[in-house]
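Numbering (our numbering), first residue to last: 4 to 298.
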């Protein structure tokens, strides 16, 4: 296929306002448009085939009738298999995510078609991944945060997303962010269940929504089955942010009170420099040890 046709297809997969993208990316949610609603990769038989090809730990599913605030250790199960869940998704009141579907060549290509048009705006894009969400009518995804830059593309059904301010300590504390980046749960207590501070986005097929890194949100499906395609990636800045929160977590565990990330560019720079130097030293020492073993 000629390269010009490939580029045209890529432009058609997802469209957005470039000025809005440059202004709002990773600062605020904004709507994009896509042309994947009738794509054969999102038909239920193909999704069943996909679920069987993925490693078991890449398929997560549970009951969908859950509260907004949910301890993940108390997540209710349905007793159904993966295939039964997908086949009976209309009535089984379940929520499912197929993770890292880019392992499949077809979904890998589709991920590229969605993200490649953004490369001119995000040249340091890295760690690209894709997820498929399959949910019963009325299913809820509890209040949580995510570590990646995310574009959620609504394929089928209606999804109502409530997005909350990123830098509101009444909703999300520094300690919670530190623990999250140190390996803690993504689910968090929602301190605004009435959604007084939330922006509500109703996503219909053809709509997509940008989720900035760690922007708190919870999701409720409409009256029909919902299928969504989530395309995610990381950047140098998101990786740096993660490192700074991990450093602050270690400092807090040592009994110190670290300056919040983003409050002092100088202190953030020192923390990142020390962490990066320690990481490079550890890598160098490991390489030397490996070299000694070889001889």
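Here a beta-carbon is modelled for each residue, glycine too, at the ideal position from N, C-alpha and C.
Sequence-distant residues of the same chain with beta carbon closer than 7 Å to residue i, five excluded per side
i: residue 113; result: 44
i: residue 49; result: 43
i: residue 245; result: 150 and 184
Endpoints, the beta strand (DSSP E) within which residue i is located
i: residue 227; result: From DSSP, residue 227 is part of no beta strand (DSSP E); its letter is neither H nor E.
i: residue 155; result: 152-159
i: residue 36; result: 34-37
i: residue 146; result: 143-147
Reference residue i; option with closest CA among the options
i: residue 55; options: 266, 88, 285 and 138; result: 88
i: residue 192; options: 135, 207, 147 and 20; result: 147
i: residue 140; options: 80, 156, 188 and 225; result: 225
i: residue 143; options: 232, 70 and 116; result: 70
i: residue 145; options: 36, 285 and 68; result: 68
i: residue 190; options: 108, 205 and 221; result: 221
i: residue 219; options: 171, 207 and 265; result: 171
i: residue 79; options: 99, 86 and 60; result: 99
Inter-residue spacing [alpha-carbon to alpha-carbon] between residue i and residue j
i: residue 276; j: residue 243; result: 10 Å
i: residue 119; j: residue 62; result: 26 Å
i: residue 198; j: residue 165; result: 7 Å
i: residue 180; j: residue 127; result: 24 Å
i: residue 177; j: residue 263; result: 7 Å
i: residue 196; j: residue 203; result: 13 Å
Continuous alpha helix (DSSP H) stretch holding residue i: start and end
i: residue 115; result: 108-118
i: residue 203; result: From DSSP, residue 203 is part of no alpha helix (DSSP H) but of the beta strand (DSSP E) over 202-206.
i: residue 51; result: 47-56
i: residue 249; result: 239-256
Beta carbon of residue i nearer than 8 Å to that of residue j
i: residue 160; j: residue 234; result: no
i: residue 175; j: residue 200; result: no
i: residue 134; j: residue 230; result: no
Beta carbon proximity, residue i to chain B, threshold 8 Å
i: residue 50; result: As a matter of chain content, chain B is missing from the structure shown, which is built from one protein chain.
Same chain only: Cβ atoms within 8 Å of residue i, ignoring 5 sequence neighbours per side
i: residue 151; result: 130, 132, 216, 235, 236, 237 and 241
i: residue 23; result: 33
Contact set for residue i: own chain, Cβ-Cβ below 6 Å, skip 5 residues either direction
i: residue 154; result: 211, 213 and 234
Contact test: residue i Cβ vs the ligand ADP heavy atom, cutoff 7 Å
i: residue 208; result: Because no ligand of any kind appears in the structure shown, any question about the ligand ADP cannot be addressed here.
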